[in-house]
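Chemist: As you go down the protein sequences, you meet chains V and Y in turn. Sequential numbering from 1 applies to the first sequence in our numbering. Sequential numbering from 1001 applies to the second sequence in our numbering. Even glycine gets a Cβ: it sits at the ideal position worked out from N, Cα and C. Predicted, not measured: the structure shown is a model, and the values here were computed from it.
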Amino acid sequence: MIELQGLTKRYGDKTAVDDLTFTVRPGVVTGFLGPNGAGKSTTMRMMLDLDNPTSGSIRIDGKHYRELHEPLKHIGALLEAKAIHGGRTAYNHLLCLAQSNRIPARRVDEVLEIVGLAPVAKKRSKGFSLGMGQRLGIAAALLGDPEILMFDEPVNGLDPEGIHWIRNLMKGLAAQGRTIFVSSHLMSEMALTAEHLIVIGRGKLMADTTMADFIAENSRSYVRVRTPEPEKFKDALAAASIIAVIDDEGAFEIEGAESAKIGELAARNQLVLHELSPQQASLEQAFMQLTAESVEYHAGGPAAEAGEAAAPAPQWGAAWNTHTGKEA
Amino acid sequence: MAATTAVLQSEWTKVRTVRSTVWTLASAAVLTIVISGLFCLLFRTQWDTIEEGARAQFDATSQSLSGLFLGQLALITFGVLIISSEYSTGMIRASLSAVPQRATFYLSKVAVAAGITFVLGVIVSFISFFIGQAILGGDLDTSISDPGVLRAVFGAGLYMTLMVLFAVGVATMLRSPMVSLGILIPFFFLISGILSAVPGAKDVARYFPDQAGSKIMRATIAPDDPAPYSAWGGLGIMALWVIVALIGGYVLLKKRDA
């Protein structure tokens, strides 16, 4: 259990993390989502007591990080930036960390086995590929067999095989009842692994909700229908009291009816259909809308455009805040 | 609190498992012994041509430790590397996540650096002394039992330890290995020596850590030594520098984001 209370970090007059309050609960994978520069890494560094908060506090199982006896046995972390001396072998890197927390040396061999680095244990990590470096970082996080694990952008820069491996590892660790807190700037990645979701943008909390609620609320599903006889189709829908919206291209968007029913309805009325397809709005889109306003660096495009695209954001955020408010 | 003995063990592992620290220590030992030997050889072969004033300055003990002038540069590099390599590689984040108590982490690092250098320093001093005396030969050499000699040879080990700790403190404050070495090496290799020869600046340079500390390595007091402190007093002045540097390092380590 990790509890953040009013966590704030300022660099000069720039606020990187702005009054964050949330709880990471045990036994689930909590996704920590936000665009690049939203303050995810800063928050995680403060959780590990590497950076000092300007105000607010963090408690890990009720204690400050600095009060933890042998912290590696409570919480293991993979940070985004490399934290390995390249001149040391993989084994020795893990050994010096293990010794500081009185973790037996045989555990070093175990974690090297788990992450698949046993064959290169005696090699200097300088020559490691990005994926191997990431595995070594994860081995360090697993050293103390901690109940809480934190991964900052674990799949960044990895090849598909590495991504697959990390996903399965996280799922396996969560299945053992551990608390997993994983950050990402990719909604699609979160949708695959996280059960709970914390979204931040420009250091502010934008959503704290379950993945299921997030999907229910944001993935509007509907059936898209195109027909050369729109007037007749409209009548047929009205007769069946089904409500439809017609989009810019003249296609029908029908919510609350299955595609099979609509197909049968069209058949009964002997109508030709050119398209009958179930649709789902992507979560990626929902996330981008939510954080559009808070994105630190827009890629090109005139400012006016960015502002327009951002317009729906406050609404989205507000909706979630009231939602989570009800839950709490 | 992470157990201090566990953290000490961890810091010891860190030192022995990278090549750079092992190599800097080895070069410190070799440089000190070999250069001292060469200086002794030079004095012995050139003794007849040396003027009276320089002869009066001659101290067989400090002569046999004179290679430390170069050896200390390798020691400074060692002191700088053991802390600044943590910053330059990012290892500091892993280290402080494992040992978040800054005082425990820092004191363990300092203690391991001090322990290693002290043991190595005393051994190197004695080897350097005995080889130097053998080279100087019958007329010029001195004995370990002569007044002040044991203090000087043992003191050289202490001098090396303090020099390393000074480097650790400065490097903890500066973090970057390049910046730390870029300041410390020229200072001790050139600036301190040059200033100690310039009238006026001399009186200030006398209180620099290396100038004050190195007085311990003379068995006899030079006839024209104007320094207003004793051999141990000089080492005390050096120790003050070290304490200030170490405290500065600790304050910044505690305050700063890693």
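For a quick check, are the C-beta atoms of Ile60(V) and Leu72(V) less than 8 angstroms apart?
Modeler: No; because the gap between Cβ atoms is not below 8 angstroms, this pair is not in contact.
Chemist: Could you give the first and the last residue of the continuous beta strand (DSSP E) run that contains Glu3(V)?
Modeler: Per DSSP, Glu3(V) belongs to the beta strand (DSSP E) from Ile2 to Tyr11.
Chemist: For Gly1138(Y), which three-state DSSP category applies?
Modeler: Correct three-state label for Gly1138(Y): helix.
Chemist: If you compare alpha carbons, which of Thr1013(Y), Trp1232(Y), Asp1141(Y) and Ser1145(Y) is closest to Pro1209(Y)?
Modeler: Minimum Cα distance to Pro1209(Y) is reached at Trp1232(Y).
Chemist: Any Cβ of chain V within less than 8 angstroms of the Cβ of Ala1197(Y)?
Modeler: Not one chain V Cβ lies under 8 angstroms of Ala1197(Y).
Chemist: Helix, strand or coil, according to DSSP, for Ile1092(Y) in the structure here?
Modeler: If DSSP states are grouped into helix, strand and coil, Ile1092(Y) belongs with the helices.
Chemist: In or out: Pro228(V) buried (at least 16 other Cβ within 10 Å) or exposed?
Modeler: That one is exposed.
Chemist: Cβ of Asp145(V) within 8 angstroms of Cβ of Ser183(V)?
Modeler: Result no, Cβ atoms of Asp145(V) and Ser183(V) do not sit closer than 8 angstroms.
Chemist: Answer yes if the segment 125-135 of chain V comes into contact with the segment 13-32 of chain V, meaning at least three C-beta pairs across the two stretches below 8 angstroms, and no otherwise.
Modeler: Contact between the segment 13-32 of chain V and the segment 125-135 of chain V is absent, because fewer than three Cβ pairs lie under 8 angstroms.
Chemist: Going along the chain, which residues of the segment 94-125 of chain V sit with their C-beta nearer than 7 angstroms to a C-beta in chain Y?
Modeler: Within the segment 94-125 of chain V, the residues whose Cβ lies closer than 7 angstroms to some Cβ of chain Y are Leu95, Cys96, Leu97, Gln99, Ser100, Asn101 and Arg102, listed in chain order.
Chemist: Note down, in chain order, each residue of its chain lying with its Cβ closer than 6 angstroms to the Cβ of Pro1135(Y), except the 5 sequence neighbours on either side.
Modeler: Checking the sequence, you will find Ile at residue 1135(Y) rather than Pro. The residues are Gly1037, Cys1040 and Leu1041.
Chemist: Compare the beta carbon distance of Ile1267(Y) and Ala1152(Y) with 8 angstroms and say whether it is the shorter of the two.
Modeler: Outside the shown range of chain Y, which is 1001 to 1258, sits residue 1267(Y), and nothing can be said about it.
Chemist: Hey, is the segment 247-266 of chain V in contact with the segment 7-23 of chain V, meaning 3+ C-beta pairs nearer than 8 angstroms?
Modeler: Judged by Cβ distances under 8 angstroms, the segment 247-266 of chain V makes no contact with the segment 7-23 of chain V, as fewer than three pairs qualify.
Chemist: Taking only beta-carbon atoms, is Ala1098(Y) less than 8 angstroms away from chain V?
Modeler: Interface residue, yes.
Chemist: How would you call Thr43(V), buried or exposed, if buried means at least 16 neighbouring beta carbons within 10 angstroms?
Modeler: So Thr43(V) ends up on the buried side.
Chemist: Is it right to say Leu1190(Y) is buried, meaning 16 or more other beta carbons lie within 10 angstroms of its own, or is it exposed?
Modeler: Label assigned to Leu1190(Y): exposed.
Chemist: Quick check: the Cα distance between Gln289(V) and Ile198(V), rounded to an integer number of angstroms?
Modeler: In a straight line, the C-alpha of Gln289(V) is about 15 angstroms away from that of Ile198(V).
Chemist: Reducing DSSP to helix, strand and coil, say where Gln270(V) ends up.
Modeler: Coil.
Chemist: How about the segment 1191-1206 of chain Y and the segment 1101-1112 of chain Y: do they share at least three Cβ pairs that are nearer than 8 angstroms?
Modeler: The segment 1191-1206 of chain Y is not in contact with the segment 1101-1112 of chain Y.
Chemist: Quick check on this structure: which residue in Ala98(V), Leu33(V), Ile2(V) and Asp18(V) has the alpha carbon closest to the alpha carbon of Met190(V)?
Modeler: Considering only alpha carbons, the answer is Leu33(V).
Chemist: Could you tell me if the beta carbon of Arg1151(Y) falls within a distance shorter than 7 angstroms of some heavy atom in the ligand FAD?
Modeler: Only the bare structure without any ligand can be found here, which leaves the ligand FAD out of the picture.
Chemist: State the DSSP-derived secondary structure class of Ala16(V), mapped to helix, strand or coil.
Modeler: In this structure, Ala16(V) counts as strand in the three-state DSSP scheme.
Chemist: Could you say which of Trp165(V), Ala16(V), Met46(V) and Leu237(V) lies nearest to Glu3(V) if we only look at CA atoms?
Modeler: With distances taken between Cα atoms, Glu3(V) lies closest to Met46(V).
Chemist: Report, in whole angstroms, the separation of the C-beta atoms of Gly1268(Y) and Ser1027(Y), which I expect to be a contact under 8 angstroms.
Modeler: No answer is possible for residue 1268(Y): the residues shown for chain Y start at 1001 and end at 1258.
Chemist: How about Lys73(V): is its C-beta nearer than 8 angstroms to some C-beta of chain Y?
Modeler: It does not; no Cβ of chain Y falls within 8 angstroms.
Chemist: Excluding the 5 residues preceding and the 5 following Ile1131(Y) in the sequence, name in chain order all residues of the same chain whose CB lies nearer than 6 angstroms to its CB.
Modeler: Excluding residues within five positions, the ones whose Cβ falls inside 6 angstroms are Gly1037.
Chemist: Return the CA-CA distance between Val1251(Y) and Ala1167(Y), expressed in angstroms with no decimal places.
Modeler: Between Val1251(Y) and Ala1167(Y), the C-alpha separation is close to 16 angstroms.
Chemist: Scan the segment 136-159 of chain V for residues whose Cβ lies nearer than 8 angstroms to a Cβ of chain Y and list them as they occur along the chain.
Modeler: Here the close residues are Ala140.
Chemist: How big is the Cα-Cα spacing for Ala105(V) and Leu95(V)?
Modeler: Each residue's alpha carbon lies about 6 angstroms from the other.
Chemist: Could you tell me which chain V residues have their CB closer than 7 angstroms to the CB of Val1007(Y), listed as they occur along the chain?
Modeler: Neighbours of Val1007(Y) on chain V, chain order: Ser100.
Chemist: May I ask you to list, following chain order, the residues of the segment 46-60 of chain V that have a beta carbon less than 8 angstroms from some beta carbon of chain Y?
Modeler: Listed by position along the chain: Leu48, Asp49, Leu50, Asp51 and Asn52.
Chemist: Quick one, which of Ile215(V), Ile246(V) and Met206(V) has its alpha-carbon nearest Ala38(V)'s?
Modeler: Of Ile215(V), Ile246(V) and Met206(V), the residue nearest in Cα terms is Met206(V).
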